[in-house]
Amino acid sequence: MTEIADNLARIRARIAEAARRSGRAATAITLVAVSKTKPAAAVIAALEAGQLVFGENRVQEAAAKFPPLRAANPALRLHLIGGLQTNKAREAVRIADVIESLDRPRLADALAAAMEKESRRPTLLIEVNTGDEPQKSGIPRAEADTFVAACRDRFGAQLRGLMCVPPAGQDPAPHFAWLAACARAHGLAELSMGMSADFETAIAHGATLVRVGSAIFGAR
Ligand SMILES: *Cc1c(COP(=O)(O)O)cnc(C)c1O
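Those letters in the sequence shown? Residues 16 to 235, by our numbering.
Written as structure tokens, this is what we have:
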């Protein structure tokens with residue numbers, strides 16, 4: 016588990032260096048440590064190394080793993096980053112601080128109803144399927160402007176930004192640039208983009224949240 020602390024230190028140094036190269040403050044970039052499929056012990060090792068922000072892609076796994084960790088570490092912040100089924104909206108609202116995968120009107124309805132019932136308002140990001148890949152979650156590019164504007168009206172400042180996962184095997188840079196331009200056009204401050212393989216490129220394009228899993232916790 017000291018490996019996790021070493022990996023975190025390396026990733027933090029690389030984030031700082033990427034920020035410096037882009038003339039950005041390293042403090043403007045939040046590392047989301049993606050702990051999906053990894054045991055609570057791995058999260059605890061990261062917590063002990065000072066990491067407080069975590070990402071999970073499945074609500075059930077996150078709900079099983081995180082509530083006890085949060086009880087012991089009140090500063091812990093949980094981001095849900097995976098495609099979200101409407102029937103999981105209530106559990107998602109109950110456990111998440113940030114939901115990064117708002118991607119369709121039905122889910123917006125389900126989240127709004129869940130937030131009403133739970134009296135809890137996680138920060139929201141809209142996921143855009145920038146590569147328009149049929150198997151992937153995210154609002155299609157062509158519908159992004161309309162959906163972002165509608166969510167902005169509905170959720171106000173609770174809607175904070177955009178997220179994307181570019182197609183595997185393609186240069187991610189044009190996807191990051193497109194997402195950054197879309198966020199700018201809508202006055203949204205947060206950009207969640209970049210994973211283990213491409214977070215430095217994402218930082219060069221303005222990422223404020225980078226989601227790094229395997230480079231911290233090892234291969235899945
Ligand atoms: C798994 C996952 C990540 C982390 O991927 P790594 O390549 O392991 O860093 C980031 N974002 C999303 C949406 C994921 O599902």
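Every residue, glycine too, gets a C-beta built ideally from N, C-alpha and C.
All values derive from a computational prediction rather than experimental measurement.
Asked, Found
"Pairwise C-alpha distance: Arg119 and Leu140", "12 Å"
"Distance cut-off 7 Å: Arg73 Cβ against heavy atoms of ligand 1", "no"
"Beta strand (DSSP E) runs contained entirely in the region 127-187, provided each spans 3 or more residues", "138-144 and 174-178"
"Closest residue to Leu91 among Glu215, Gly233, Phe214 and Leu46 (Cα-Cα distance)", "Leu46"
"His94, DSSP secondary structure in three states", "strand"
"heavy atom of ligand 1 below 7 Å from Met260 C-beta", "The chain is shown from 16 up to 235; residue 260 falls before or after that span and cannot be answered."
"Span of the beta strand (DSSP E), counted from its first residue to its last, around Thr45", "Thr45 to Val49"
"Spatially closest choice to Pro137 from Ala125, Asp112 and Ala128, by CA coordinates", "Asp112"
"Beta-carbon contacts of Ala195 that lie in its chain and below 7 Å, excluding the five residues immediately before and after", "Leu206, His220 and Gly221"
"Exposure label - Asp213; buried when at least 16 CB within 10 Å", "buried"
"C-beta atoms of Leu95 and Ala107 nearer than 8 Å", "yes"
"Cα-Cα separation between Met178 and Phe81, rounded to whole angstroms", "22 Å"
"CB-CB length for Lys103 against Val58, believed under 8 Å", "Contact doesn't hold; Cβ gap of about 21 Å is too wide."
"Classification of Lys132 by the beta-carbon crowding that lies within 10 angstroms, buried from 16 upward", "exposed"
"Check: Ala230 C-beta below 7 Å from any heavy atom of ligand 1", "yes"
"Cβ-Cβ separation, Ile114 to Leu126 (assumed contact under 8 Å), whole Å", "7 Å"
"Backbone secondary structure at Leu224 - three-state DSSP", "strand"
"Identity of the residues DSSP links to Leu206 by a beta bridge", "Leu177"
"Closer than 7 Å: Gly97 CB and nearest ligand 1 heavy atom", "yes"
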